[in-house]
Amino acid sequence: MSLKDNSQRYGSISRLLHWGMALLLLWQFLSAIFRVVAEDTAIEQFFWSVHKPLGFLLLILAAIRLIWALANSARRPASLNKLATLGHLGLYALLIVVPALALLRQYGSGRAFDPFGIPLFAGFEEKIGWMIEPGNLLHGWLGWLLLAMIVGHIVMVKVHRRSPSHEDVLPRMLGN
Ligand code: HEM
Ligand code: HEM
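Note that UniProt numbering numbers the sequence shown so that position 139 is 139, with each residue one more than the last.
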């Protein structure tokens with residue numbers, strides 16, 4: 001299989017990014033769900049302990065994926081319709097905005113942050129309010145919106161697969 005996309009199929013780099021991020025997002029949402037339904041339990045601790053570093057990794061992967069999508073835009077499989085294009089754009093926007101708001105809040109809190117041992121923010125004394133507020137207001141809600149859109153995305157793939165009048169798009173992303 002080619003590394004790059006073509007008009008019939010996504011190539012192996014697009015697929016690696018798509019399925020790799022899907023797995024990491026599964027962990028990320030499990031951590032958020034357990035935070036709500038199983039606060040202060042061992043299972044919450046297990047999943048939540050990496051929410052911040054994993055979120056940081058997801059932001060880097062989303063940026064790489066966006067650049068790769070733009071570089072391949074002329075040759076990747078055509079979108080089925082306007083709604084599918086809008087849905088994918090919405091997913092990209094949230095994949096960037098959700099972790100970016102949290103990172104901005106993390107910086108503004110003045111607390112040191114060293115995901116995977118990388119000394120990203122050294123930390124400082126005074127909090128910066130305008131960096132914290134957007135994350136406090138929106139990170140969680142937009143995170144749940146992203147989950148809802150992912151569920152919608154998976155449902156639409158199934159709808160297209162089942163209905164004879166629609167094109168099955170799963171082989172574009174999975175299989176040969
Ligand atoms: C794609 C990446 C991310 C997703 C999908 C995500 C998702 C979520 C969701 C759904 C919640 C709400 C949980 C609740 O209602 O209690 C949440 C909370 C939280 N997240 Fe994230 N997150 C991501 C990245 C990050 C990053 C990079 C950081 C920090 C550097 C972070 C820090 C937090 C914190 C501190 C909370 C609890 C406070 C709040 O609800 O805003 N997250 N996250
Ligand atoms: C079981 C889970 C999933 C399945 C079965 C699935 C299936 C697919 C399929 C078949 C396509 C090709 C659609 C087309 O070309 O019309 C696609 C594309 C896409 N999917 Fe998923 N997907 C899943 C999870 C996710 C997740 C978690 C995300 C994250 C937000 C996501 C984001 C996207 C995006 C943005 C595209 C457009 C192509 C790209 O830029 O990578 N998918 N998906």
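Ideal Cβ placement from N, Cα and C applies to all residues, glycine included.
Our two residues, proline 99 and aspartate 168, have alpha carbons roughly 32 Å apart in a direct line. About 27 Å separates the beta carbons of glutamate 126 and glycine 143, which is beyond the 8 Å limit, so they are not a contact pair. Annotation for valine 98 indicates a beta carbon within 8 Å of some heavy atom of ligand 1. Setting aside the 5 residues that flank it on each side, proline 53 is surrounded in the same chain by Pro115 and Phe116, each with a C-beta closer than 6 Å to its C-beta; the list follows chain order.
In this structure serine 7 touches arginine 75 by the C-beta definition: roughly 6 Å separates them, less than 8 Å.
DSSP lists Phe121 as the bridge partner or partners of phenylalanine 113. Residues of the same chain with a CB within less than 8 Å of the CB of methionine 149, apart from the 5 flanking positions on each side, are Gly87, Gly90, Leu91 and Leu94 in chain order. Taking the Cβ of alanine 93 as the reference point, every heavy atom of ligand 1 lies at 8 Å or farther away. Between histidine 18 and alanine 62, the alpha-carbon positions lie close to 10 Å from each other. Here phenylalanine 47 is buried. Its C-beta has 16 or more other C-beta atoms within 10 Å.
For alanine 63, the shortest separation between its Cβ and any heavy atom of ligand 2 does not lie below 8 Å. Separation of methionine 1 and isoleucine 64 (C-alpha to C-alpha, rounded to the nearest whole angstrom) is 20 Å. Short of 8 Å from the beta carbon of valine 159, and not among the five residues preceding or following it, lie these beta carbons of its own chain, in chain order: His166. For leucine 145 and histidine 139, the gap between their C-alpha atoms comes out near 10 Å.
The C-alpha of phenylalanine 29 lies about 8 Å from the C-alpha of leucine 147.
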